[in-house]
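Student: Numbering-wise, the numbering used here puts 143 at position 143 of the sequence shown, and it's gapless, one number per residue.
Virtual Cβ for every residue (Gly too), placed ideally from N, Cα, C.
Source: prediction; values computed, not measured.
Following this message is one structure expressed as structure tokens.
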Amino acid sequence: MLKDIQPSGKKDTRSGFGDGIAEVARVNPNVVALTADLLGSMKLNQFIKEFPERFIQVGIAEANMIGIAAGLTIGGKIPYTTTFANFSTGRVYDQIRQSVAYSGKNVKICASHAGLTLGEDGATHQILEDIGMMKMLPGMTVIVPCDYNQTKAATIAIADYVGPVYLRFGRPSWPIFTDPAIPFEIGKAQFFSEGTDISIFACGHMVWKAIQAGVILEEKGYSVEVVNIHTIKPLDKEAVLKSIRKTKCAVTVEEHNILGGLGDSIAQVAASNFPIPIEYVGTKDTFGESGTPDELLVKYGLDTPNIVEAAEKVLARKKNA
């Protein structure tokens with residue numbers, strides 16, 4: 001039962017990244033870190049303390065950071081570039097496209113402060129388009145882990161994965177609810193429950209919101225399947241199809257614009273293989289604004305009651321189909 005999933009505490013996912021890169025660097029001498037004047041925000045202090053010779057501070061020069069990282073791969077290094085998600089993608093899209101994706105370079109683009117939960121910094125920093133931008137690049141792997149433990153595990157796992165990766169995580173303190181002993185498998189969906197009435201596919205911070213919504217729906221008598229799609233690309237199509245063939249309806253939940261994000265990926269699989277009613281929970285063709293993370297999630301329709309409402313709507317659509 002979803003109600004049995006209880007957080008062990010709260011911690012920001014960016015700290016999972018910071019702890020993960022320090023841990024993987026201890027066993028892999030090729031791991032190097034670059035940042036664009038944001039070492040504190042990116043939680044790189046421990047890495048720098050242990051491996052100062054493997055750290056590059058490029059200053060506020062994100063395009064240069066991507067170019068340097070691409071060059072480092074030629075010598076066998078595994079560069080992790082670090083800055084806010086907006087600056088990791090929107091500001092340097094040309095450099096990523098040409099020097100990393102097109103060239104097939106083994107660069108790990110690690111992006112914090114993604115989505116609305118960045119909070120008070122407002123619309124200029126709250127990128128809601130980055131998943132779409134990055135998943136459309138040929139050869140780019142896109143990963144959006146859900147809590148501290150999973151972010152740490154993903155940070156470690158991508159060092160062994162050959163090819164460009166976009167790793168997206170966040171700023172706020174967030175519930176920790178995954179098992180730290182579970183290895184992170186790129187491209188493999190994680191099931192938090194098995195159900196027969198409805199599938200809820202979520203990523204990032206929204207996985208916890210989906211679990212909370214699932215508890216409410218179970219109390220209403222529904223059998224709910226909550227699936228953590230931590231890897232947006234390559235998508236675990238087999239898991240998606242297995243779930244929707246059983247439940248015959250779905251809700252997708254993401255801290256991102258519904259145009260081009262997780263929801264579109266799920267819908268594409270469904271449309272091509274097993275068409276079903278789908279409802280989307282995410283931002284609707286809009287920029288964000290300044291506010292606390294909780295205030296913004298409520299205002300933009302990404303809170304638990306919004307997921308429950310979407311679920312009940314899609315269940316009604318299935319019944320009336």
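Could you give the first and the last residue of the continuous beta strand (DSSP E) run that contains G225?
Tutor: Walking along the sequence shown from the start, residue 225 turns up at place 225. Strictly speaking, residue 225 in this sequence is Glu, with Gly absent from that position. Here the beta strand (DSSP E) through E225 covers 224 to 228.
Student: In terms of residue numbering, what span does the alpha helix (DSSP H) encompassing P305 cover?
Tutor: Along the sequence shown, read from residue 1 onward, the residue named residue 305 stands at position 305. Start and end: 304 to 320.
Student: Is the CB-CB distance between A153 and P183 below 8 Å?
Tutor: Reading the sequence shown from its first residue, position 153 is the one you call residue 153. Reading the sequence shown from its first residue, position 183 is the one you call residue 183. Contact flag set, yes.
Student: Which complete alpha helix (DSSP H) runs does the stretch 182 to 231 hold, if anything under 4 residues is left out?
Tutor: If we require 4 residues or more, the alpha helix (DSSP H) runs fully inside the stretch 182 to 231 come out as 206 to 219.
Student: Enumerated in chain order, which unbroken segments of the beta strand (DSSP E) with a length of 3 residues or greater are wholly contained in the stretch 4 to 90?
Tutor: You should have 9 to 12, 31 to 35, 55 to 57, 78 to 84.
Student: When the distance is taken between beta carbons, is S99 closer than 8 Å to F341?
Tutor: Nothing in the structure corresponds to residue 341, since the chain is present only between 1 and 321.
Student: Identify which residue in Q6, F84, L44 has its Cα closest to the Cα of L116.
Tutor: If you number the sequence shown from 1, residue 116 lands on position 116. Taking only the C-alpha atoms, the option nearest L116 is F84.
Student: What first and last residue would you give for the beta strand (DSSP E) that runs through K152?
Tutor: Your numbering for residue 152 matches position 152 in the sequence shown. Looking at the DSSP string, K152 is not in any beta strand (DSSP E); the run it does join, the alpha helix (DSSP H), is 148 to 157.
Student: Is it true that the CB of A321 sits closer than 8 Å to the CB of P275?
Tutor: For the purposes of this step, residue 275 is taken as the residue at position 275 of the sequence shown. For the purposes of this step, residue 321 is taken as the residue at position 321 of the sequence shown. Against a cut-off of 8 Å, the Cβ pair of A321 and P275 comes out as no contact.
Student: Could you compute how far the alpha carbon of I216 sits from the alpha carbon of K242?
Tutor: Taking the first residue of the sequence shown as 1, we reach residue 216 at position 216. Taking the first residue of the sequence shown as 1, we reach residue 242 at position 242. I216 and K242: Cα-Cα distance of roughly 24 Å.
Student: From which residue to which residue does the alpha helix (DSSP H) around A271 run?
Tutor: In the sequence shown, the residue the question calls residue 271 occupies position 271. Segment 262 to 273, the alpha helix (DSSP H) holding A271.
Student: Do you know whose CA, among I21, N28, G71, lies nearest I48's CA?
Tutor: For the purposes of this step, residue 48 is taken as residue 48 along the sequence shown, with counting starting at 1. For the residues I21, N28, G71, the minimum Cα distance to I48 belongs to I21.
Student: Rounded to whole angstroms, how far is the Cβ of G9 from the Cβ of I176, which I believe are closer than 8 Å?
Tutor: On the sequence shown, residue 9 is found 9 positions in, with the first residue counted as 1. On the sequence shown, residue 176 is found 176 positions in, with the first residue counted as 1. Contact flag correct, Cβ pair sits at about 5 Å.
Student: For the candidate residues I5, D12, L128, whose alpha-carbon lies nearest to that of S173?
Tutor: Within the sequence shown, numbered from 1, the residue matching residue 173 stands at position 173. Checked all of I5, D12, L128; the closest Cα to S173 is D12.
Student: Under the assumption that G122 contacts E289 (Cβ atoms under 8 Å), give the Cβ distance between them as a whole number of angstroms.
Tutor: Counted from its first residue, the sequence shown places residue 122 at position 122. Counted from its first residue, the sequence shown places residue 289 at position 289. Confirmed, Cβ separation roughly 6 Å.
Student: Going by beta carbon distance, what residues of the same chain come within less than 8 Å of G76, once the five residues before and after it are set aside?
Tutor: Translated into positions along the sequence shown, residue 76 becomes position 76. Counting only Cβ-Cβ distances below 8 Å, and skipping sequence neighbours, we find N30.
Student: Roughly how far, in whole angstroms, is the beta-carbon of G195 from the beta-carbon of V224, given that I think they are within contact range, below 8 Å?
Tutor: Locating residue 195 in the sequence shown gives position 195, where the first residue counts as 1. Locating residue 224 in the sequence shown gives position 224, where the first residue counts as 1. G195 to V224, Cβ: 4 Å. Contact.
Student: Run through the DSSP bridge pairs and tell me what A250 is partnered with.
Tutor: Position 250 of the sequence shown holds residue 250. Partner(s): S199, I278.
Student: Cβ-heavy atom distance between T124 and the ligand GDP below 7 Å?
Tutor: In the structure shown, the ligand GDP is absent, as is every other ligand, since no ligand is present at all.
Student: Less than 7 Å between C-beta atoms, sequence neighbours within five positions excluded: which residues of the same chain meet that for R97?
Tutor: Stepping through the sequence shown from its first residue, residue 97 is reached at position 97. Within the same chain, R97 has close Cβ partners L137.
Student: Could you check the C-alpha separation between A114 and L302 for me, to the nearest Å?
Tutor: The count along the sequence shown starts at 1 and reaches residue 114 at position 114. The count along the sequence shown starts at 1 and reaches residue 302 at position 302. So the alpha carbons of these two residues sit roughly 14 Å apart.
Student: Would DSSP call S103 helix, strand or coil?
Tutor: As a first step, residue 103 is located in the sequence shown; it is residue number 103 there, counting from the start. Looking at S103 - three-state DSSP - the assignment turns out to be coil, as it is neither helix nor strand.
Student: Would you mind sorting T155 into buried or exposed? The rule is 16 or more other CB atoms within 10 Å of its CB.
Tutor: The residue labelled residue 155 in the question sits at position 155 within the sequence shown. With 16 or more other Cβ atoms within 10 Å, it is buried.
Student: CA-CA distance, M65 and G71?
Tutor: Stepping through the sequence shown from its first residue, residue 65 is reached at position 65. Stepping through the sequence shown from its first residue, residue 71 is reached at position 71. If I take the Cα positions, the gap works out to 10 Å.
Student: Please name the residue, chosen from K299, V281, G291, L297, that lies closest to K313 on a Cα-to-Cα basis.
Tutor: For the purposes of this step, residue 313 is taken as the residue at position 313 of the sequence shown. The residue with the shortest Cα to Cα distance from K313 is V281.
Student: Could you work out which residue in E129, I158, V227, G18 is closest to R91 when comparing CA atoms only?
Tutor: Stepping through the sequence shown from its first residue, residue 91 is reached at position 91. Considering only alpha carbons, the answer is E129.
Student: Please report whether the beta-carbon of M136 lies at a distance below 8 Å from any beta-carbon of chain C.
Tutor: No chain C is present in this structure, which holds just one protein chain.
Student: Helix, strand or coil: which one does DSSP assign to E289?
Tutor: What you label residue 289 is simply residue 289 of the sequence shown in a count that begins at 1. Note: E289 maps to coil in three-state DSSP.
Student: Assign V142 to buried or exposed, taking buried as 16 or more other Cβ atoms, counted over all protein chains shown, within 10 Å of its Cβ.
Tutor: Position 142 of the sequence shown, counted from the first residue, corresponds to residue 142. V142 should be labelled buried.
Student: Would you say Y148 and K108 are within 8 Å of each other, going by their C-beta atoms?
Tutor: Counting from 1 along the sequence shown, the entry for residue 148 is found at position 148. Counting from 1 along the sequence shown, the entry for residue 108 is found at position 108. No. Outside cutoff.
Student: In whole angstroms, give me the CA-to-CA distance for R26 and S272.
Tutor: Taking the first residue of the sequence shown as position 1, residue 26 is located at position 26. Taking the first residue of the sequence shown as position 1, residue 272 is located at position 272. In a straight line, the C-alpha of R26 is about 44 Å away from that of S272.
Student: Verify whether the separation of the beta carbon atoms of I127 and G261 is less than 8 Å.
Tutor: Here the question's residue 127 lines up with position 127 in the sequence shown. Here the question's residue 261 lines up with position 261 in the sequence shown. No, the pair does not count as a contact, with Cβ atoms beyond the cut-off.
Student: Go ahead and pull the three-state DSSP assignment for R168.
Tutor: For the purposes of this step, residue 168 is taken as residue 168 along the sequence shown, with counting starting at 1. It is a strand residue.
Student: Note down, in chain order, each residue of its chain lying with its Cβ closer than 6 Å to the Cβ of L235, except the 5 sequence neighbours on either side.
Tutor: Taking the sequence shown and counting its residues from 1, one reaches residue 235 at position 235. Cβ neighbours of L235 beyond the five flanking positions: S265.
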